[in-house]
Amino acid sequence: MQKSVRYNEGHALYLSVLARKEGTKRGYLSKKTAETSRWHEKWFALYQNMLFYFESEQSVRPAGMYMLEGCNCERVPAPKGSSAGSTKDTALDKQHYFTVLFGHEGQKPLELRCEEEADGEEWVEAIHQASYSDILIEREVLMQKYIHLVQIVETEKIAANQLRHQLEDQDTEIERLKSEIVALNKTKERMRPYQGNQEEEDPDIKKIKKVQSFMRGWLCRRKWKTIVQDYICSPHAESMRKRNQIVFNMVEAESEYVHQLYVLVNCFLRPLRMAASSKKPPINHDDVSSIFLNSETIMFLHEIFHQGLKARIANWPTLILADLFDILLPMLNIYQEFVRNHQYSLQVLANCKQNRDFDKLLKQYEANPACEGRMLETFLTYPMFQIPRYIITLHELLAHTPHEHVERKSLEFAKSKLEELSRVMHDEVSDTENIRKNLAIERMIVEGCDILLDTSQTFIRQGAMKNSSTIIVKHPGDSNVDTDWSIIFNGPDIIYSSMENRSVWPIDVAIPDDANIRAKAQEKLEVLEALSNGGEIVRNENSCLLFPFFICAAGAPPNDIIG
Numbered sequence: 001m002q003k004s005v006r007y008n009e010g011h012a013l014y015l016s017v018l019a020r021k022e023g024t025k026r027g028y029l030s031k032k033t034a035e036t037s038r039w040h041e042k043w044f045a046l047y048q049n050m051l052f053y054f055e056s057e058q059s060v061r062p063a064g065m066y067m068l069e070g071c072n073c074e075r076v077p078a079p080k081g082s083s084a085g086s087t088k089d090t091a092l093d094k095q096h097y098f099t100v101l102f103g104h105e106g107q108k109p110l111e112l113r114c115e116e117e118a119d120g121e122e123w124v125e126a127i128h129q130a131s132y133s134d135i136l137i138e139r140e141v142l143m144q145k146y147i148h149l150v151q152i153v154e155t156e157k158i159a160a161n162q163l164r165h166q167l168e169d170q171d172t173e174i175e176r177l178k179s180e181i182v183a184l185n186k187t188k189e190r191m192r193p194y195q196g197n198q199e200e201e202d203p204d205i206k207k208i209k210k211v212q213s214f215m216r217g218w219l220c221r222r223k224w225k226t227i228v229q230d231y232i233c234s235p236h237a238e239s240m241r242k243r244n245q246i247v248f249n250m251v252e253a254e255s256e257y258v259h260q261l262y263v264l265v266n267c268f269l270r271p272l273r274m275a276a277s278s279k280k281p282p283i284n285h286d287d288v289s290s291i292f293l294n295s296e297t298i299m300f301l302h303e304i305f306h307q308g309l310k311a312r313i314a315n316w317p318t319l320i321l322a323d324l325f326d327i328l329l330p331m332l333n334i335y336q337e338f339v340r341n342h343q344y345s346l347q348v349l350a351n352c353k354q355n356r357d358f359d360k361l362l363k364q365y366e367a368n369p370a371c372e373g374r375m376l377e378t379f380l381t382y383p384m385f386q387i388p389r390y391i392i393t394l395h396e397l398l399a400h401t402p403h404e405h406v407e408r409k410s411l412e413f414a415k416s417k418l419e420e421l422s423r424v425m426h427d428e429v430s431d432t433e434n435i436r437k438n439l440a441i442e443r444m445i446v447e448g449c450d451i452l453l454d455t456s457q458t459f460i461r462q463g464a465m466k467n468s469s470t471i472i473v474k475h476p477g478d479s480n481v482d483t484d485w486s487i488i489f490n491g492p493d494i495i496y497s498s499m500e501n502r503s504v505w506p507i508d509v510a511i512p513d514d515a516n517i518r519a520k521a522q523e524k525l526e527v528l529e530a531l532s533n534g535g536e537i538v539r540n541e542n543s544c545l546l547f548p549f550f551i552c553a554a555g556a557p558p559n560d561i562i563g
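All residue numbers for the sequence shown refer to the UniProt record's numbering, where the first residue is 1 and numbers rise by one.
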């Protein structure tokens with residue numbers, strides 16, 4: 001037999017007294033009993049998250065108590081049984097019902113009713129607000145607002161201090177200007193007698209001074225014109241003209257690039273996202289994300305950069321570009337993911353084009369006049385060349401920037417950072433392509449090749465074997481049709497011969513399968529050298545490696561050799 005739950009009855013009675021006096025909501029409600037399904041009028045008092053009910057308003061001891069934490073209260077329609085035609089049922093039908101649902105199974109809801117609709121709304125709202133967890137959430141929201149207001153107050157204090165310092169500096173400047181005005185007034189007073197004497201000068205002297213003033217002005221203008229013409233013809237001016245032209249071309253190229261990104265995003269990316277959300281999508285969202293990785297972010301970045309360039313051009317001839325590159329450089333890392341994903345995005349696009357619905361939809365997008373007849377692959381390729389274009393532009397810009405120029409160091413730093421980023425992206429693309437090609441070759445081998453899955457293996461090239469630094473070793477097979485071929489590598493060269501098409505090529509050296517290949521290679525090198533028709537001395541014989549490749553027809557070397 002389960003024991004009943006014990007609780008502090010004395011404290012509960014104390015809380016019931018507080019509920020009678022200070023309850024959030026108090027009044028008579030009809031409560032439906034669970035045993036007899038009858039309605040009994042009780043006097044209820046809501047205090048915090050506890051609902052007490054008494055037999056009457058004068059009762060001291062509560063008849064029961066409900067814990068409202070985690071409960072939900074909602075309005076419900078009148079029961080169907082109350083729709084009869086009797087006067088009593090008509091009165092019951094005018095009652096307003098609501099229930100308190102407890103947050104776990106097995107607990108019957110508390111059914112209540114009242115006569116006034118407004119009273120019922122107040123009870124439902126009061127029970128909704130009785131949850132302690134909701135109060136905690138409101139407290140957290142208020143605390144965040146308080147912290148935000150404190151930060152605003154601190155910021156305003158700092159701004160007020162700065163304004164106070166500015167006012168003090170302006171007061172100091174005003175005092176200085178006042179002292180200068182006083183000094184100028186004193187100088188003007190001392191000059192007045194001299195000006196009075198000038199008015200009394202001879203008219204001929206005035207004419208002579210006027211002619212001299214005219215000649216001095218003419219000589220100054222002539223000298224200034226000569227200086228300007230000499231500068232226009234100077235190498236420095238020519239360099240500055242070329243530098244300005246490079247800047248103007250960069251602005252035009254950036255404008256064209258932003259337009260290309262705009263077409264890529266608005267004519268392809270966003271329509272395909274909408275198509276992927278349709279009932280019968282020709283492409284899924286994962287493929288859209290794989291094809292257009294970071295395209296929209298790159299467009300937003302270059303729109304900001306382009307606006308900065310246009311603002312600098314508006315201040316021509318004063319052109320300061322280094323700070324724009326300082327802002328652009330930290331954000332160019334998004335190109336790494338785009339470049340790393342480029343080959344894969346083209347593969348995904350090619351796979352999606354096999355779907356006729358997608359291919360038809362893509363051709364409709366490409367027929368947009370904004371695309372100017374260019375395909376989606378063309379637009380996906382444009383960001384691949386943007387970093388090298390920036391490097392070339394900065395290289396040309398530095399070639400026409402004097403060493404003492406204020407932007408020289410900043411532009412050199414930007415160029416070095418872009419070159420470093422370009423090398424990193426090139427290495428990542430090369431590593432990714434090497435891994436994909438190694439995996440493609442490994443899939444072509446019937447029984448697989450674990451050594452190709454080693455990350456230390458690097459794909460060099462693919463093509464017909466014309467390199468004389470490769471020795472082909474043939475293993476005897478169980479069948480007369482197939483022959484196991486292997487390639488022995490030895491540094492940059494093993495044997496060199498000027499006769500690549502000699503009759504003894506490829507060198508046929510039989511090595512048993514169970515023999516030690518590294519030891520047998522040492523013994524057979526002399527035979528290989530003798531058959532090489534006057535080849536050079538074999539280098540570094542002890543570093544020979546055996547690399548099993550694939551099976552080909554007997555009597556013929558492989559047509560495609562991976563070196």
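Just so you know, even glycine gets a beta-carbon here, dropped at the ideal spot from N, CA and C.
**Request:** Give the C-beta separation of His96 and Gly120 to the nearest angstrom, bearing in mind that I take them to be a contact with Cβ-Cβ under 8 angstroms.
**Result:** So it is a contact: roughly 4 angstroms between Cβ atoms.
**Request:** Would you mind giving the Cβ-Cβ distance between Ile298 and Pro383, rounded to the nearest angstrom? I have them listed as a contact below 8 angstroms.
**Result:** 6 angstroms between Cβ atoms; contact.
**Prompt:** Does the distance from the CB of Asn49 to the CB of Ala130 come in under 8 angstroms?
**Reply:** Cβ atoms of Asn49 and Ala130: closer than 8 angstroms.
**Message:** Which residue wins for smallest C-alpha separation from His400, given the options Arg374, His236, Ile445 and Tyr344?
**Reply:** The candidate whose alpha carbon is nearest that of His400 is His236.
**Request:** Work out the CA separation of Val348 and Pro402 for me, nearest whole Å.
**Result:** Cα to Cα, the separation comes out at about 48 angstroms.
**Request:** Could you please give the first and the last residue of the uninterrupted alpha helix (DSSP H) stretch that includes Asn249?
**Result:** Counting along the chain, the alpha helix (DSSP H) containing Asn249 begins and ends at Pro235 to Leu264.
**Segment limits, beta strand (DSSP E) that includes Met67** = Note, Met67: beta strand (DSSP E), Gly64 to Met67.
**Message:** With distance defined between alpha-carbon atoms, name the residue in Arg38, Gln58, Ala34 and Glu35 nearest to residue 571.
**Reply:** This structure gives no information on residue 571, because the portion of the chain shown stretches from 1 to 563.
**Request:** Assuming Leu46 contacts Gly23 (C-beta within less than 8 angstroms), just tell me the rounded distance between them.
**Result:** About 5 angstroms; that satisfies the 8 angstroms criterion.
**Request:** Take every Cβ of the region 318 to 335, pair it with every Cβ of the region 405 to 417, and state whether three or more of those distances are shorter than 8 angstroms.
**Result:** In short, these stretches touch, since the Cβ pair count reaches three.
**Request:** Give me the Cα-Cα distance between Ile127 and Ser278, rounded to the nearest whole angstrom.
**Result:** Cα atoms of Ile127 and Ser278: separation of roughly 43 angstroms, rounded to the nearest angstrom.
**Request:** Within the same chain, show all residues whose beta-carbon is closer than 8 angstroms to that of Asn284, passing over the 5 residues directly before and after it, in chain order.
**Result:** Contacts found: Ala276.
**Asked** What first and last residue would you give for the alpha helix (DSSP H) that runs through Ser16?
**Response** Element bounds for Ser16: Glu9 to Glu22.
**Request:** Locate the alpha helix (DSSP H) running through Ala311, then write down its first and last residues.
**Result:** Here the alpha helix (DSSP H) through Ala311 covers Ser295 to Ala314.
**Asked** Is the region 358 to 377 touching the region 387 to 400 in the sense that three or more CB pairs, one from each, lie closer than 8 angstroms?
**Response** Here the region 387 to 400 makes no contact with the region 358 to 377; the two share fewer than three CB pairs at distances below 8 angstroms.
**Request:** Figure out for me which residue from Tyr335, Ile334, Asn249 and Phe305 has the closest Cα to the Cα of Gln393.
**Result:** Per the sequence shown, the amino acid found at residue 393 is Thr instead of Gln. Closest option to Thr393, Cα to Cα, is Asn249.
**Message:** I'd like the span of the alpha helix (DSSP H) that includes Asn341, first residue to last.
**Reply:** Element bounds for Asn341: Ile334 to Lys353.
**Asked** So, using beta-carbon positions, are Ser16 and Pro62 closer together than 8 angstroms?
**Response** Going by C-beta atoms, Ser16 is nearer than 8 angstroms to Pro62.
**Message:** Taking 7 angstroms as the limit between beta carbons, can you name the residues of its chain near Tyr231, skipping five residues before and five after?
**Reply:** Correct list, in chain order: Ala237.
**Item:** Assigned secondary structure, Met274 (DSSP; H/G/I helix, E/B strand, else coil)
**Value:** When DSSP states are grouped into helix, strand and coil, Met274 belongs to the helix group.
**Asked** DSSP beta-bridge partners for Asn72?
**Response** Leu101.
**Item:** Whole-angstrom distance between Arg190 and Lys178, CA atom to CA atom
**Value:** In this structure, the alpha-carbon of Lys178 lies about 19 angstroms from that of Arg190.
**Prompt:** Using the C-alpha atoms, what's the distance from Ala322 back to Ile445?
**Reply:** Looking at the two C-alpha atoms, the distance is approximately 54 angstroms.
**Message:** Tell me the DSSP secondary structure of Phe44 in three-state form.
**Reply:** Strand, per DSSP.
**Asked** Can you tell me the Cα-Cα spacing of Leu163 and Ile227, whole angstroms?
**Response** Here the C-alpha atom of Leu163 lies approximately 46 angstroms from the C-alpha atom of Ile227.
**Residues near Gln386 by beta carbon distance below 6 angstroms, same chain, minus five either side** = Counting only Cβ-Cβ distances below 6 angstroms, and skipping sequence neighbours, we find nothing.
**Asked** For Val258, which residues from the same chain have a beta carbon less than 8 angstroms from its beta carbon, with the 5 sequence-adjacent residues on both sides left out?
**Response** Cβ-Cβ distances below 8 angstroms link Val258 to Met299, His302, Glu303 and His306 in the same chain, with the five nearest sequence neighbours on each side left out; the list follows chain order.
**Request:** Report the rounded CA-to-CA distance for Ser82 versus Lys108, giving the unit in angstroms.
**Result:** Low confidence applies here, because Ser82 scores a pLDDT of 48, under 50, leaving its location unreliable and the question unanswered by this model.
**Request:** Excluding the 5 residues preceding and the 5 following Tyr14 in the sequence, name in chain order all residues of the same chain whose CB lies nearer than 6 angstroms to its CB.
**Result:** If we look at Tyr14 and ignore the five residues flanking it on each side, it has no Cβ neighbours.
**Request:** May I have the straight-line CA-CA distance separating Asn294 from Gly308, to the nearest angstrom?
**Result:** Taking the straight line from one Cα to the other gives about 21 angstroms.
**Item:** Residue from Thr36, Arg192, Ala78 and Glu125 with nearest C-alpha to Leu68
**Value:** Looking at the Cα atoms, Glu125 is the closest of the given residues.
**Prompt:** In terms of residues, what are the limits of the beta strand (DSSP E) holding residue 593?
**Reply:** Since the first and last residues shown for the chain are 1 and 563, residue 593 lies out of range.
**Asked** By how many angstroms is the C-alpha of Pro79 removed from the C-alpha of Cys114?
**Response** Taking the straight line joining both Cα atoms gives about 14 angstroms.
**Request:** Return the first residue and the last residue of the alpha helix (DSSP H) that Glu377 is part of.
**Result:** Counting along the chain, the alpha helix (DSSP H) containing Glu377 begins and ends at Leu376 to Thr381.
**Separation of Lys225 from Leu219, as counted between CA atoms** = Going from the Cα of Leu219 to the Cα of Lys225 covers about 10 angstroms.
**Request:** Specify, as a first and last residue, the run of the alpha helix (DSSP H) that Leu112 falls within.
**Result:** Segment Leu110 to Cys114 is the beta strand (DSSP E) holding Leu112; no alpha helix (DSSP H) there.
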